[in-house]
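Enquirer:
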Amino acid sequence: MATSPRGIRGKSGERALRVGLAGLGRHGARYARHLLAGDVPGAALAAVHRRDREEGRRFAERYGLAFHDTLEGLVADEGVEAVVAVLPPSLHPLAVELAAGAGKPILVEKPLAPSARGARSACAAARRAGIVAMVAQTLRYDATVRAVRARLAEIGPLQSVAVGLRYSPAGRGWIHDAREGGLLANIGVHGTDLIRHLTGCEVAAVRALEAAPGVIAALRLEPGGVPAALEVLTGRRSGAIELVGRSGRILADYVARRAWLDTPAGCEPLPIGEPEPTLPAVLADFAAAARGLRPPAVPIEEGLAAVEIVERVAAAAKEPL
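Under this note's numbering, think of the first position of the sequence shown as 33, with each following residue one higher.
#1: Cα separation between GLY60 and ARG90?
#2: Taking the runs of the alpha helix (DSSP H) that are 4 residues or longer, which of them lie wholly in the stretch 216-269?
#3: Rounded to a whole number of angstroms, what is the C-alpha to C-alpha distance between PRO189 and VAL258?
#4: Express the C-alpha separation of ALA316 and ARG326 in angstroms, rounding to a whole number.
#5: Less than 8 Å between the C-beta atoms of LEU215 and GLY246, yes or no?
#6: With distances taken from CA atoms, which of GLU234, LEU77, VAL287, ALA156 is nearest LEU49?
#7: Could you check which residue in HIS229, GLY232, ARG211, VAL195 has the C-alpha nearest to that of GLY220?
#8: Leaving out the 5 sequence neighbours to the left and right, which residues in its chain are closer than 6 Å to GLY39 when beta-carbon positions are compared?
#9: May I ask which residues mark the beginning and end of the alpha helix (DSSP H) holding PRO125?
#10: In whole angstroms, what separates the C-alpha of ALA98 from that of ALA134?
#11: Would you kindly work out how many angstroms separate the C-alpha atoms of ARG198 and GLU110, rounded to a whole number?
#12: In the DSSP assignment, find the unbroken alpha helix (DSSP H) run with TYR63 in it and report its ends.
#13: Can you check the stretch 256-342 for any alpha helix (DSSP H) of at least 4 residues that lies completely inside it and give the ranges in chain order?
#14: My understanding is that SER122 touches GLU212, with C-beta atoms under 8 Å, so please give their C-beta distance in whole angstroms.
#15: Quick check on the burial criterion: 16 or more other C-beta atoms within 10 angstroms. Buried or exposed for ALA185?
#16: Below 8 Å between beta carbons: does that hold for ILE371 and LEU262?
#17: Rank PRO125, GLY150, ARG82, ALA346 by C-alpha distance to the C-alpha of ALA240 and give the top, closest one.
#18: Can you tell me where the beta strand (DSSP E) with ARG50 in it begins and where it stops?
#19: Using only CA atoms, which one of ARG290, HIS81, GLY298 lies nearest to THR102?
#20: How would you call MET33, buried or exposed, if buried means at least 16 neighbouring beta carbons within 10 angstroms?
#21: Give the range of the alpha helix (DSSP H) segment to which TYR95 is assigned.
#22: Sort out for me which residues DSSP pairs VAL345 with in a bridge.
#23: Could you tell me the distance, in whole angstroms, from the CA atom of ALA273 to the CA atom of GLY55?
#24: Is the CB-CB distance between PRO125 and ALA168 below 8 Å?
#25: List the residues that DSSP assigns as beta-bridge partners of TYR199.
#26: Rounded to the nearest angstrom, how far is the Cβ of PRO328 from that of MET166, given a contact under 8 Å?
#27: Run through DSSP, which three-state label would VAL118 get?
#28: THR176 and ALA291: beta carbons closer than 8 Å?
#29: On the three-state DSSP scale, how would you describe GLU351?
#30: Within its chain, find whatever has a CB closer than 6 Å to the CB of LEU251; leave out the 5 residues flanking it on each side and keep chain order.
Here is the structure:
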């Protein structure tokens, strides 16, 4: 079994947190690029796992990393201090359970699992072991979402919320794979987390209508009984957000990177700033939490809550209106 190198140094010369990355697919490769490029202060890639052994070994050899052909081997590597799991969602609970058994911090790509049962199992394992466990709900780090959240107080008490997500039907096949939760779990989890993140409310009631392969849902948020709408559909990619308050409203599309504040004083565009990838900030927060510098920015319980709402929406969509 290969063992990762020790004593890795970051760009500034400090000893870096040695990260083991499980998953080198399209999205996992993004994590790898940022870690290898030194985009994450205090963290460096030390070892990788990929189910495609030939591709995984080639990647590891190219960058001088340890390679493990099993998830168990990666987590057990004594040179790996923290684990990042970017796997098919059905494998995420196993990754958390292995990290918990090894007493190692773990960052899990969303969704935490394709089912609430799997997400609860992962959450319970992390809690029992007392490890740092964080979920990469990357939209929380999106510049447009942050701009919207920063101005929410200006529209007064919330009266309604709407989030509409569109994803191309020609997109990646695994997103539509029912075994991995399908479109609702893989894309809808952005919307369910976003509603909670922006409002600070919990979902108290759900009604939904199936619009294969997506869904249209009506939610009641508490406290306040605020009505919310969630659409997860195929179509031209977009990420629409509308928050209506007593004193105004905010409209945004995080894909188009545009947002407006509409109040009696007028309608003004919100400054978004230059496009920046979200993963370096996600990884930096995780590295800081793994070092004990601060709590995880998106604790595993938040990932569980997002998956539980997705499952409630899916169940409601099967019921007659």
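All C-beta atoms in this analysis are idealised placements derived from N, C-alpha and C, irrespective of residue type, glycine included.
Expert: The structure says:
#1: In the sequence shown, residue 60 corresponds to position 28, counting from 1. In the sequence shown, residue 90 corresponds to position 58, counting from 1. Going by the C-alpha atoms only, they are around 15 Å apart.
#2: 220-231
#3: Within the sequence shown, numbered from 1, the residue matching residue 189 stands at position 157. Within the sequence shown, numbered from 1, the residue matching residue 258 stands at position 226. Cα-Cα distance, rounded: 10 Å.
#4: Numbered from 1 along the sequence shown, position 294 holds the residue referred to as residue 326. Numbered from 1 along the sequence shown, position 284 holds the residue referred to as residue 316. For ARG326 and ALA316, the distance between alpha carbons rounds to 11 Å.
#5: As a position in the sequence shown, residue 215 is number 183, starting the count at 1. As a position in the sequence shown, residue 246 is number 214, starting the count at 1. In this structure, GLY246 lies closer than 8 Å to LEU215 by Cβ.
#6: To locate residue 49, count along the sequence shown from 1; it is residue 17. Of GLU234, LEU77, VAL287, ALA156, the residue nearest in Cα terms is LEU77.
#7: Counting from 1 along the sequence shown, the entry for residue 220 is found at position 188. Cα-wise, what sits closest to GLY220 is VAL195.
#8: Taking the first residue of the sequence shown as position 1, residue 39 is located at position 7. Any reading at GLY39 is ruled out, since the residue's pLDDT is 47, under 50, leaving its predicted position unreliable.
#9: Here residue 125 refers to the residue found at position 93 of the sequence shown. From DSSP, the alpha helix (DSSP H) with PRO125 extends over 124-134.
#10: The residue labelled residue 98 in the question sits at position 66 within the sequence shown. The residue labelled residue 134 in the question sits at position 102 within the sequence shown. Near 18 Å, if we compare the C-alpha coordinates of ALA134 and ALA98.
#11: Position 166 of the sequence shown, counting from 1, holds the residue named residue 198. Position 78 of the sequence shown, counting from 1, holds the residue named residue 110. Each residue's Cα considered, the two are about 42 Å apart.
#12: As a working mapping, residue 63 is identified with position 31 in the sequence shown. Note, TYR63: alpha helix (DSSP H), 58-68.
#13: 311-322
#14: The sequence position of residue 122 within the sequence shown is 90, counting from 1. The sequence position of residue 212 within the sequence shown is 180, counting from 1. So it is a contact: roughly 6 Å between Cβ atoms.
#15: As a working mapping, residue 185 is identified with position 153 in the sequence shown. Classification for ALA185: exposed.
#16: A question about residue 371 goes unanswered here, because the residues of the chain that appear run from 33 up to 353.
#17: Translated into the one-based positions of the sequence shown, residue 240 becomes position 208. Answer by Cα proximity: ALA346.
#18: The residue given as residue 50 occupies position 18 in the sequence shown. Run containing ARG50: 49-54, per the beta strand (DSSP E) assignment.
#19: As a position in the sequence shown, residue 102 is number 70, starting the count at 1. For THR102, the nearest C-alpha among the options comes from HIS81.
#20: Stepping through the sequence shown from its first residue, residue 33 is reached at position 1. With a pLDDT of only 48 at MET33, under 50, the local geometry of the prediction cannot be trusted, and no value is derived from it.
#21: Locating residue 95 in the sequence shown gives position 63, where the first residue counts as 1. Residues 85-95.
#22: Reading the sequence shown from its first residue, position 313 is the one you call residue 345. DSSP lists no partner for VAL345.
#23: Here the question's residue 273 lines up with position 241 in the sequence shown. Here the question's residue 55 lines up with position 23 in the sequence shown. A small correction: the amino acid at residue 273 is Ile; Ala does not occupy that position in the sequence shown. Rounded to whole angstroms, ILE273 to GLY55 spans 31 Å at the Cα level.
#24: As a position in the sequence shown, residue 125 is number 93, starting the count at 1. As a position in the sequence shown, residue 168 is number 136, starting the count at 1. Their beta carbons are not under 8 Å apart, which means PRO125 does not touch ALA168 by this criterion.
#25: Within the sequence shown, the letter at position 167 stands for residue 199. TYR199 is bridged to THR266.
#26: By one-based count along the sequence shown, residue 328 stands at place 296. By one-based count along the sequence shown, residue 166 stands at place 134. Right, the Cβ-Cβ distance comes to about 4 Å (below 8 Å), so this counts as a contact.
#27: Within the sequence shown, the letter at position 86 stands for residue 118. In the structure shown, VAL118 sits in coil (DSSP, three-state: anything other than H, G, I, E or B).
#28: By 1-based counting over the sequence shown, the position of residue 176 is 144. By 1-based counting over the sequence shown, the position of residue 291 is 259. Yes.
#29: Walking along the sequence shown from the start, residue 351 turns up at place 319. Coil at GLU351, not helix or strand.
#30: Residue mapping note: residue 251 aligns to position 219 of the sequence shown, counting from 1. Around LEU251: VAL235, VAL238, ALA260.
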